[in-house]
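Visitor: Mapped onto the numbering used here, the consecutive letters of the sequence shown carry residue numbers 105 to 406.
Encoded as structure tokens, here's the structure I'll be asking about.
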Amino acid sequence: MSRKITMKDIAAEAGVSIATVSYILNNAPGQTISADTRQKVLEASERLQYSMNLAAQSLKSGKSGLVGILLPKVEPAWYWSAYKYAKAVALLEKQLMQQGYHVILSYYDLDHPAFDLVLERKLDGVIVFDVTEDIFTRISSHYGMGIPVVLMESYVADPLFHKVVPDFKAAMQQLQPDSGQQQASFLVMDAYHNAGMCAQIRRDAGLTAEHTHIYHSDEGLEQFLGDYRGKYGLVVNEFLASRVLQQHANVGVICTCGCPDLLPGSVRKAVFPESIYSKVTELLLGYMQSSEYRCEEEYIYR
105 MSRKITMKDI
115 AAEAGVSIAT
125 VSYILNNAPG
135 QTISADTRQK
145 VLEASERLQY
155 SMNLAAQSLK
165 SGKSGLVGIL
175 LPKVEPAWYW
185 SAYKYAKAVA
195 LLEKQLMQQG
205 YHVILSYYDL
215 DHPAFDLVLE
225 RKLDGVIVFD
235 VTEDIFTRIS
245 SHYGMGIPVV
255 LMESYVADPL
265 FHKVVPDFKA
275 AMQQLQPDSG
285 QQQASFLVMD
295 AYHNAGMCAQ
305 IRRDAGLTAE
315 HTHIYHSDEG
325 LEQFLGDYRG
335 KYGLVVNEFL
345 ASRVLQQHAN
355 VGVICTCGCP
365 DLLPGSVRKA
375 VFPESIYSKV
385 TELLLGYMQS
395 SEYRCEEEYI
405 YR
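Structure, rendered in structure tokens:
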């Protein structure tokens, strides 16, 4: 049986003191540790495959070291549903693990939301994607009292909670056709459960519901596109754009899944910066690690 790796081993590997390793791995507040030293310790921990005793850590610090990420189940499930948030979750998990936190991922049913899986665990913070007002009310009744909650891709009328949303308006301006060409005549997008999110995307595009198609089937998409032959349009979601491009070439694509390489190089596309996830992590860590942390922005666009 192999020997259990300890903080002493990590300290020797990283060339730092055992106390420094303990401060970093336990997210001890009030310690001035350089980013280089923190990175060196975390990399040494990963190389040695160090596994912290979360139960013991929780008893000692009063914190679980766990962050929950809640995602909506998509029904009906399109072929891209499993990949829609894959990159977002991977980036958030990487950033949180670098700070010593572990992630619990849970999908909730839109019709019968149940949060038993995450409620039975003591979470230090929660990130929620694309949530309706009603479901958010249920989530905030369980969390939010001393447990920070950050929303993504959601417009919710509650100033106590921060919402980090993609800057669709800036992305659409980036996709603006060359001077002299027509403006976008139509918008194709997959469904967001958060009604405010859908409405805001339409407003940013300057288009009404009449000129917007929410994808539900290939037949409906083909019928909609038939009214805009030769005209320039916008597509939200690169997986959906691959369907649109089979019938209509003159589009600009806003890549919401972080997979722009799915599309031909000739397609005009906008990609949101990974800093959007860094901002979520920054907010969550700020509130989890300091009772004095404050951010005045309710809606944060990236």
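Positions of the beta carbon are idealized from the N, C-alpha and C atoms, including for glycine.
Identify, in the order they occur along the chain, each residue of the same chain with its Cβ nearer than 8 Å to the Cβ of Tyr-272, setting aside the five sequence neighbours on each side.
Guide: As a first step, residue 272 must be located in the sequence shown, where it is residue number 168. Sequence check: residue 272 is Phe here, not Tyr. Here the set comprises Gln-304, Ile-305, Asp-308, Ala-309, Val-340, Ile-358.
Visitor: What number of angstroms, rounded off, separates the C-alpha of Asn-409 from the C-alpha of Met-201?
Guide: Any answer about residue 409 is impossible in this case: the structure gives the chain only from 105 up to 406.
Visitor: On a Cα-Cα basis, can you pick out the residue from Tyr-336, Ser-121, Gly-390, His-320 that is closest to Arg-372?
Guide: Locating residue 372 in the sequence shown gives position 268, counting from the first residue. Looking only at Tyr-336, Ser-121, Gly-390, His-320, the smallest Cα-Cα distance to Arg-372 is reached by Tyr-336.
Visitor: Determine which residues share a DSSP beta bridge with Phe-233 and list them.
Guide: Stepping through the sequence shown from its first residue, residue 233 is reached at position 129. Paired residues: Met-256.
Visitor: Kindly indicate the opening and closing residues of the alpha helix (DSSP H) around Tyr-332.
Guide: Indexing the sequence shown from 1 puts residue 332 at position 228. Per DSSP, Tyr-332 belongs to no alpha helix (DSSP H) and is neither H nor E.
Visitor: Among all the DSSP beta bridges, which residues are the ones paired with Met-293?
Guide: As a working note, residue 293 is residue 189 in the sequence shown. Per DSSP, Ile-318, Val-340.
Visitor: Grab me the residues of Gly-390's own chain with a C-beta within less than 6 Å of its C-beta, minus the 5 sequence neighbours each way, in chain order.
Guide: Working through the sequence shown from its first residue, we reach residue 390 at position 286. Once the five neighbours on either side are set aside, the close Cβ partners of Gly-390 are Tyr-397.
Visitor: Helix, strand or coil: how does DSSP classify Ala-194 here?
Guide: In the sequence shown, the residue the question calls residue 194 occupies position 90. Reduced to three states, the DSSP call for Ala-194 is helix.
Visitor: For the beta strand (DSSP E) that contains Arg-151, what are its first and last residues?
Guide: Your numbering for residue 151 matches position 47 in the sequence shown. No beta strand (DSSP E) holds Arg-151; the alpha helix (DSSP H) holding it covers 139-151.
Visitor: Count Cβ pairs between the region 256-263 and the region 232-244 that sit closer than 8 Å; are there 3 or more?
Guide: Verdict: yes, contact present.
Visitor: In angstroms, rounded to a whole number, what distance separates the CA positions of Thr-110 and Glu-117?
Guide: Residue mapping note: residue 110 aligns to position 6 of the sequence shown, counting from 1. Residue mapping note: residue 117 aligns to position 13 of the sequence shown, counting from 1. If you take the alpha carbons of Thr-110 and Glu-117, they lie about 11 Å apart.
Visitor: Alpha carbon to alpha carbon, how far is Arg-151 from Ala-115?
Guide: Here the question's residue 151 lines up with position 47 in the sequence shown. Here the question's residue 115 lines up with position 11 in the sequence shown. Roughly 12 Å separates the two Cα atoms.
Visitor: Using the C-alpha atoms, what's the distance from Tyr-127 back to Gln-199?
Guide: Taking the first residue of the sequence shown as 1, we reach residue 199 at position 95. Taking the first residue of the sequence shown as 1, we reach residue 127 at position 23. Distance between the alpha carbons of Gln-199 and Tyr-127 is about 18 Å.
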